[in-house]
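Asker: Protein chains in written order, with our numbering: chain A, 32 to 447; chain B, 28 to 106.
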C-alpha cells in the first residue's frame, strides 16, 4: 500500500524537508494555529502530526513489518494501513498551505512545503485533488494552442472595451492585447478581473497590455512543480516577446506568491530586468504618485480587510491594500488578529476547485467568520480570487450579510 | 446557427475563476460518451480556458458561435 506515494516522496524529499521532519519536537505550538484543527479537533489537522505521518511512512522499511524489528518501534515507523491512509489524505489535502503554523513554530518549520510535496505523491496513487490537477493540465495546454485562441480572444476583449467606453462615455479607452507595453497585466478568469484595471490603467495613462494567459496556476496547488513552471513559462515568454518592464498579476493569492517568491528560482536570468508585482502594489503606487485620484469616502460604512495568506504572510504585502482602502472608506476596521497572524479563510490550497471539499472549507472558515462578525463590517475586502469565493460562500452559509469586494474594484468605482 | 443537438447546456456566465472549467468538467460527466455539451459563456478568459481544457482532457471542441454578448460552444465527450 502507498508504494507510489513512498517512491515519489523519497525521490522528491529535499534536505530542508528532511531537517523539518527531524527537527520537529512536537512542542505543540502549532496546534491552535491551524484553523482546520481549531474547527475540527481532528488530530490529522495538527501541523506537527501532518509532518509526523509522512515521517513515519518514510521510515517504514521496504520489506514491511518483517524488517521493522525493535528499531522500527524506536524510530516510530508506521505501516500504511487503511486508517493511516485516511489520516494521510486528511492531513495532506485538508490544508490550505496558509503557513500560519510556521509563524507560531519556534523553529519556523514549513509544514506547508511538506504538504505540497506529499500532495504530489498522493496524486501518483490516484488519491487526491483530481480537479485541481486537471485545471493545471489545461493551464499548460493553453500555451500550446494560444495561436489558435488569439483572434477569438481579442474579438471578445474588443466587445468588453466597447462596453466600458459606453459606460464611461469615452472613445479612446483601449484594452491592448498582445502589444508591446511597459506593463503586462495578467488577469484571472472573469470580466471582473479586467474591467476595473482597464479603467485604472486608462486613468493613470499607463502603457499596458492584457496578457493572453491567466495568472492562476493549479499545478502549484497539487505540488506538481514541473507543470507549474511550464504554465508560468508561457507568461515569461509573452513578457519577453512584448518587451515589458513590469509584470503585474491580478488579485490572485497563490499565483502572486509564485510570481514573487518562486520565479527567480524557476526562471533565473530569463526574467532578469523585469519587475514583478501584485496589481495592488501597482495601483497603490499610482495613488501615491498622484497618477490617479479617488473620491474620498466613496464607501460610507464599516469595511474590513482580509489579508490573503499568500499575499500577506507569504509575500509580505500588507500596507498597499490598506493604503487603497483608507483612501475610499469612511470606517475601516481591522480584523483581529491581522497581517501575519491573520486567520486563513479556509478556501486556499486549491480547495475552491474541488466540489467535494465544500463542507471541509465551510468548517475551516469558522475562525474567519467569528473574526468578521466581531468587526460588524458591511464590506469585506480582499486581494485573492479564492478568498473572495470562500468569503462569499461563508457569508451565505453563516448569514454574515457582507458584500465581498476586491481592493482594485473599490478604486475603479471611486476614480475621479 | 450551428446544430449539435446537445444533451445538456451549461450556463458558465459570470462564474468566478476557476469555476467555468470546474463546472464544465463536472457537467461533461453527465453526458453519455459521444454526446454533446453546450456551454454558454460571456467573458474572454473562460472561453479560452475551456478550449484549453478540451485539449488537455481529449474532449472534442466541435464549434463555437458568437451572439449578442454571449458565446456558445459545443463539446463532444470522447471518453
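The C-beta atom is built at its ideal place from N, Cα and C for all residues, glycine as well.
With distances taken from CA atoms, which of A:257, A:196, A:260, A:62 is nearest residue 82 of chain A?
Answerer: For residue 82 of chain A, the nearest C-alpha among the options comes from A:62.
Asker: Does residue 73 of chain A come out as helix, strand or coil in the three-state DSSP assignment?
Answerer: Three-state result, residue 73 of chain A: coil.
Asker: What residues in its chain sit with their C-beta under 8 Å from that of residue 292 of chain A, if we drop five residues either side in the sequence?
Answerer: Closer than 8 Å at Cβ, skipping near neighbours: 345, 346.
Asker: Hey, does residue 217 of chain A have any beta-carbon neighbour from chain B nearer than 8 Å?
Answerer: For residue 217 of chain A, the answer is no, since every Cβ of chain B falls outside 8 Å of its Cβ.
Asker: Residue 84 of chain B touches chain A at which residues, Cβ-Cβ below 8 Å?
Answerer: The contacting residues are 165, 168, 169.
Asker: Less than 7 Å between the CB of residue 205 of chain A and some heavy atom of the ligand NAD, yes or no?
Answerer: Of ligands this structure carries none, so the ligand NAD is not represented either.
Asker: Would you kindly report the start and end of the unbroken beta strand (DSSP E) that includes residue 363 of chain A?
Answerer: Note, residue 363 of chain A: beta strand (DSSP E), 360-365.
Asker: Let me know the alpha helix (DSSP H) ranges lying completely inside the stretch 58-104 of chain B, each 4 residues or longer, listed in chain order.
Answerer: As far as the stretch 58-104 of chain B is concerned, its whole alpha helix (DSSP H) runs of at least 4 residues are 71-84.
Asker: With DSSP as the reference, label residue 300 of chain A as helix, strand or coil.
Answerer: It is helical.
Asker: 8 Å is my cut-off, CB to CB: does residue 72 of chain B come that close to chain A?
Answerer: So, interface residue.
Asker: So if I threshold CB-CB distances at 8 Å, which residues from the stretch 391-425 of chain A count as touching chain B?
Answerer: Those residues of the stretch 391-425 of chain A that come within reach of chain B (Cβ to Cβ, closer than 8 Å) are 416, 419, 420.
Asker: Against residue 90 of chain B, what residues of chain A qualify as contacts under a CB-to-CB distance less than 9 Å, listed in chain order?
Answerer: Here the premise fails: no neighbours, minimum Cβ distance about 12 Å.
Asker: Tell whether a beta-carbon distance below 8 Å holds between residue 378 of chain A and residue 420 of chain A.
Answerer: Yes, they are a contact pair.
Asker: Do residue 128 of chain A and residue 146 of chain A count as a contact pair if the criterion is CB distance below 8 Å?
Answerer: The answer is yes: Cβ separation under 8 Å.
Asker: If distances are taken between C-alpha atoms only, which option among A:125, A:224, A:239 comes closest to residue 70 of chain B?
Answerer: Residue 70 of chain B has its Cα closest to that of A:224, out of A:125, A:224, A:239.
Asker: Within the continuous beta strand (DSSP E) that includes residue 78 of chain A, where are the two ends?
Answerer: Careful: residue 78 of chain A lies outside any beta strand (DSSP E), inside the alpha helix (DSSP H) at 78-89.
Asker: Does the Cβ of residue 240 of chain A have 16 or more other Cβ atoms within 10 Å, making it buried, or fewer, making it exposed?
Answerer: The residue in question, residue 240 of chain A, is buried, as its Cβ has 16 or more Cβ neighbours within 10 Å.
Asker: For the stretch 30-51 of chain B, enumerate the residues whose C-beta is nearer than 7 Å to any C-beta of chain A, in chain order.
Answerer: Those would be 43, 44, 45, 47, 48, 49, in chain order.
Asker: Run through DSSP, which three-state label would residue 124 of chain A get?
Answerer: Correct three-state label for residue 124 of chain A: helix.
Asker: Can you pull out the residues from the stretch 364-387 of chain A whose beta carbon lies closer than 8 Å to at least one beta carbon of chain B?
Answerer: Under the 8 Å Cβ criterion, the stretch 364-387 of chain A contributes 383, 384, 386.
Asker: Would you say the stretch 233-247 of chain A touches the stretch 267-284 of chain A, given that touching needs at least three Cβ pairs under 8 Å?
Answerer: At 8 Å Cβ cutoff, the stretches touch.
Asker: When you compare only the Cα positions, how much space is there between residue 438 of chain A and residue 98 of chain B?
Answerer: Approximately 29 Å between the Cα atoms of the pair.
Asker: If we define contact as Cβ-Cβ less than 8 Å, is residue 335 of chain A a contact residue for chain B?
Answerer: So, not an interface residue.
Asker: Let me confirm a value: residue 38 of chain A is counted as buried when at least 16 other C-beta atoms fall within 10 Å, else exposed. Which label applies?
Answerer: It is exposed - the Cβ of residue 38 of chain A has fewer than 16 other Cβ atoms within 10 Å.
Asker: Could you name the residues of the same chain whose beta carbon sits closer than 7 Å to that of residue 370 of chain A, not counting the 5 residues immediately before and after it, in chain order?
Answerer: Closer than 7 Å at Cβ, skipping near neighbours: 338, 343, 349.
Asker: How long is the line joining the alpha carbons of residue 433 of chain A and residue 272 of chain A, rounded to whole angstroms?
Answerer: Each residue's alpha carbon lies about 43 Å from the other.
Asker: Taking only beta-carbon positions, decide if residue 287 of chain A is within less than 8 Å of chain B.
Answerer: With 8 Å as the cut-off, residue 287 of chain A does not count as an interface residue toward chain B.
Asker: Got a sec: which bits of the stretch 211-237 of chain A sit with their beta carbon under 9 Å from any beta carbon on chain C, in order along the chain?
Answerer: In the displayed structure, chain C is absent; the protein chains listed are A and B.
Asker: Have a look at the DSSP bridge pairing and note the partners of residue 279 of chain A.
Answerer: Bridge partners of residue 279 of chain A: A:216, A:308.
Asker: Counting contacts by CB-CB distance shorter than 8 Å, is residue 204 of chain A in contact with chain B?
Answerer: Closer than 8 Å: no.
Asker: Please classify residue 45 of chain B as buried or exposed, where buried requires at least 16 neighbouring CB atoms within 10 angstroms.
Answerer: The residue in question, residue 45 of chain B, is buried, as its Cβ has 16 or more Cβ neighbours within 10 Å.
Asker: If I measure Cβ to Cβ from residue 229 of chain A and keep anything under 6 Å in the same chain, skipping five residues before and after, which residues do I get?
Answerer: Cβ within range, chain order: 195, 206.
Asker: Unbroken alpha helix (DSSP H) runs of length 4 or more, entirely within the stretch 366-409 of chain A: which are they?
Answerer: For the stretch 366-409 of chain A, whole alpha helix (DSSP H) runs of length 4 or above, ordered along the chain, are 389-395, 397-406.
Asker: Might you give, ordered along the chain, the residues of its own chain that have their beta carbon closer than 8 Å to the beta carbon of residue 395 of chain A, omitting 5 neighbours on each side?
Answerer: Contacts found: 66, 67, 70, 71, 125, 127, 375, 377.
Asker: How far does the alpha helix (DSSP H) with residue 181 of chain A in it extend, from its first residue to its last?
Answerer: Element bounds for residue 181 of chain A: 177-199.
Asker: Pop quiz: residue 39 of chain B and residue 33 of chain B are said to be a contact at Cβ under 8 Å. What is the actual Cβ separation, rounded to whole angstroms?
Answerer: Contact doesn't hold; Cβ gap of about 14 Å is too wide.
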